[in-house]
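Numbering (the numbering used here), first residue to last: 2 to 233. Note that beta-carbon positions come from the ideal geometry of N, C-alpha and C, so glycine has one too. Worksheet: the structure to be examined is printed underneath.
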């Protein structure tokens with residue numbers, strides 16, 4: 002329902018028309034209020050829209066000025082200019098994973114399967130070594146599955162495992178491991194800060210999907226630099 006349902010005002014429940022749902026512009030035109038009930042619209046909506054727009058622009062900028070072996074540039078090498086729409090779709094998918102798992106603590110299977118299916122199909126079309134990328138996807142997802150089984154689902158959800166399969170195929174080897182390492186490092190850093198500031202306890206459950214999404218963006222842009230730093 003989150004993915005397929007119509008947008009509604011969280012205050013009055015009225016369906017939001019398409020012309021009132023234009024990213025950023027509608028918020029400015031409506032002066033931050035619902036057209037029906039006139040209640041204020043949360044700032045998180047334009048903030049998410051602005052962050053997504055910035056992510057899209059940054060993706061295009063890196064794509065258009067490729068000079069190194071970053072994952073974004075690697076995809077340009079596989080599919081050429083046709084890879085840009087795919088990369089923007091992937092970034093939109095990652096934003097959704099971040100938002101949904103942060104709010105609902107679940108990663109919809111539809112998102113992971115869409116990403117995995119589209120990535121695999123384009124790899125076959127582009128002629129890249131899909132088997133090595135599948136190995137990367139299976140490896141990182143198996144690691145998260147092991148964490149899920151050992152902790153009996155408390156340390157990792159199956160949604161994280163399925164998303165890892167897609168991410169591992171997208172990044173390939175060894176960048177898939179760099180992505181997983183970055184996700185754990187980011188998650189650990191945030192968890193320590195939350196515990197030290199008293200905003201979370203050691204037994205509190207913290208969604209891991211947002212850190213997988215954050216790491217995805219970091220590695221997509223700077224994965225080659227992270228790998229070089231590790232190998233030094």
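Let me know if residue i comes out buried or exposed under the rule of 16 or more other beta-carbons within 10 Å of its beta-carbon.
{"i": "residue 161", "result": "buried"}
{"i": "residue 62", "result": "exposed"}
{"i": "residue 82", "result": "exposed"}
{"i": "residue 126", "result": "exposed"}
{"i": "residue 68", "result": "exposed"}
{"i": "residue 110", "result": "exposed"}
{"i": "residue 20", "result": "exposed"}
{"i": "residue 151", "result": "exposed"}
{"i": "residue 101", "result": "buried"}
{"i": "residue 23", "result": "exposed"}
{"i": "residue 227", "result": "buried"}
{"i": "residue 42", "result": "buried"}
{"i": "residue 27", "result": "buried"}
{"i": "residue 78", "result": "exposed"}
{"i": "residue 199", "result": "exposed"}
{"i": "residue 16", "result": "exposed"}
{"i": "residue 55", "result": "exposed"}
{"i": "residue 44", "result": "exposed"}
{"i": "residue 312", "result": "Residue 312 lies beyond the stretch modelled for the chain, which goes from 2 to 233, so this question has no answer here."}
{"i": "residue 230", "result": "exposed"}
When you compare the CB positions of residue i and residue j, do they come within less than 8 angstroms of one another, or not?
{"i": "residue 114", "j": "residue 89", "result": "no"}
{"i": "residue 53", "j": "residue 91", "result": "no"}
{"i": "residue 121", "j": "residue 108", "result": "no"}
{"i": "residue 70", "j": "residue 172", "result": "no"}
{"i": "residue 147", "j": "residue 170", "result": "no"}
{"i": "residue 112", "j": "residue 98", "result": "yes"}
{"i": "residue 208", "j": "residue 103", "result": "yes"}
{"i": "residue 87", "j": "residue 123", "result": "yes"}
{"i": "residue 176", "j": "residue 141", "result": "no"}
{"i": "residue 203", "j": "residue 196", "result": "yes"}
{"i": "residue 188", "j": "residue 212", "result": "yes"}
{"i": "residue 239", "j": "residue 76", "result": "A query on residue 239 cannot be resolved here, the shown segment of the chain reaching from 2 to 233 and no further."}
{"i": "residue 31", "j": "residue 51", "result": "no"}
{"i": "residue 174", "j": "residue 133", "result": "yes"}
{"i": "residue 159", "j": "residue 149", "result": "yes"}
Which residue or residues does DSSP assign as beta-bridge partners of residue i?
{"i": "residue 16", "result": "9"}
{"i": "residue 41", "result": "34"}
>> Quick check for students: name the residue ranges of the alpha helix (DSSP H) that lie wholly in the region 111-148, counting only runs of 4 or more.
In response: none
> Should the region 113-132 be called in touch with the region 159-173, which here means at least 3 C-beta pairs below 8 angstroms?
Replying inline: yes
> Can at least three beta-carbon pairs, one atom from the region 177-187 and one from the region 208-216, be found at a separation below 8 angstroms?
Replying inline: yes
> Is the region 29-40 touching the region 7-17, taking contact as three or more C-beta pairs under 8 angstroms?
Replying inline: yes
>> In chain order, what are the residue ranges of uninterrupted alpha helix (DSSP H) at least 4 long that sit wholly in the region 56-94?
In response: 72-80
>> Report the start-end ranges of each alpha helix (DSSP H) in the region 171-212 that is 4 residues or longer and not cut off at the edges.
In response: 176-197
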